[in-house]
Every structure is written in C-alpha cells, then in structure tokens.
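Residue numbers (UniProt numbering): 1 to 219. I have placed the structure first, in the form of structure tokens, so that the comments after it can refer back to it.
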C-alpha cells in the first residue's frame, strides 16, 4: 500500500517575502509522487494540522508565524499534531520550517532545533557543497552533491539527533539534514530547500526522498 503524505505550504501568517513556499512544496510533492506516494498539498497550515488522521507523513514548508506579530494557533490544530505524533506519524521539516509553528509546543522539540531570530543566520544564497554521512541513508544518495541554496547557521539545538548531511557554514561545519525520534514519531529535517533551484540537484532530490522514507519506515 502506498504511503500517504500531506504537504503543508506557508500562506497567510506562515508566508514571508523571501520564500516561495508553494514552489518548494510542489517540489517536495513531486519527489514523493515519483516514488509512488499518494500526496495531498494544502496551504492551510493550521487546518492541515487538525486533520492529520490517515496520513503517514506531514511535510511542512512554511515560515515564521510570529514575524508579523500574529500569535496563537487553533487548539484543535495543536492537539491534532500532538495526537499524530503519539500515533507515530512521520514528519519532514523543510528549510524555514525550523522557524515555523511556534504556537505548537511539540514542534521545536520534535525537530530538535529551531531558528532563533537575531542569532541564527545564513550567508547570501549561492552554490554550496553538501557532504552526506554514508551510513545514514540508502546507498543511492551520493556522498557529495552540489546545489544552489542558503546555508543555515547557528540553529539552537534541542535534544539529540543523527546528522545525515553537512554543509560548510560561515567558518564552521553545520548540519544540513538530520533525523531523530520524538514522542513516537520519526522526524526528518532538511534545512536545504530555499526555492526551486535547490531541487535542481539530483543529489538533493534523492536525499529528500530518503529522509521521507526514513520518517515512515516504522509504519
């Protein structure tokens, strides 16, 4: 039976001026569909979090809802995500998702890291090299690939994780992707994926597929 994924893309308070979330979400959806997943896409983030029953994976491509001063998520949405974690849903957090869902108490602890305004940062987007830990993902993921993206630096770590890929940050090696388990769920984080150019790399696309596959491996 095919795995089912819900891809949530930032709109409204989850949108920002820098990230084309719908474009990124479409890329993630295409990667999963190429591997025979059943995929639904929605730009109603809070509504989607309230309706996760029946999905094996939720992928989030969304921004910081507090950036514009909007705070508070519907209780049904917060409870829906917590319940989904308890039943073992897989999570794929893409790029700016590490700054998102700040009204969800389980989100940042589940991801194992968060973007801290004023402290976390990235150099200007450009060509970058990603090094993959060879024993953490399937063999088809290349150990090195190149892409055009932002290099996230100085994220606040929350808990243990297994780093899957690294990039050269601003003078120090930084995690580009990692996996971990939290509250029964399997969580995969890919801090690459600023825009569609980041998905022109076949290596990155293969990595995204591997992360999603890991997140649902127990289901």
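Backbone N, C-alpha and C fix where the C-beta goes; we use that ideal spot for every residue, glycine too.
State the Cα-Cα distance for the pair residue i and residue j, rounded to the nearest angstrom.
i: residue 73; j: residue 52; result: 16 angstroms
i: residue 6; j: residue 21; result: 14 angstroms
i: residue 120; j: residue 95; result: 13 angstroms
i: residue 217; j: residue 204; result: 20 angstroms
i: residue 105; j: residue 134; result: 33 angstroms
i: residue 42; j: residue 112; result: 25 angstroms
i: residue 201; j: residue 156; result: 27 angstroms
i: residue 58; j: residue 182; result: 14 angstroms
i: residue 168; j: residue 193; result: 16 angstroms
Under three-state DSSP, which class holds residue i?
i: residue 130; result: strand
i: residue 9; result: strand
i: residue 210; result: helix
i: residue 191; result: coil
i: residue 73; result: coil
i: residue 107; result: helix
i: residue 85; result: helix
i: residue 47; result: helix
Sort the options by Cα distance to residue i and report the nearest one.
i: residue 14; options: 91, 65 and 112; result: 65
i: residue 63; options: 77, 45, 76 and 50; result: 45
Is it buried or exposed for residue i, if we count other Cβ within 10 angstroms and need 16 for buried?
i: residue 68; result: exposed
i: residue 141; result: buried
i: residue 3; result: buried
For chain B, check one thing: does any of its Cβ atoms lie closer than 7 angstroms to the Cβ of residue i?
i: residue 68; result: Here there is only one protein chain, and chain B is not present.
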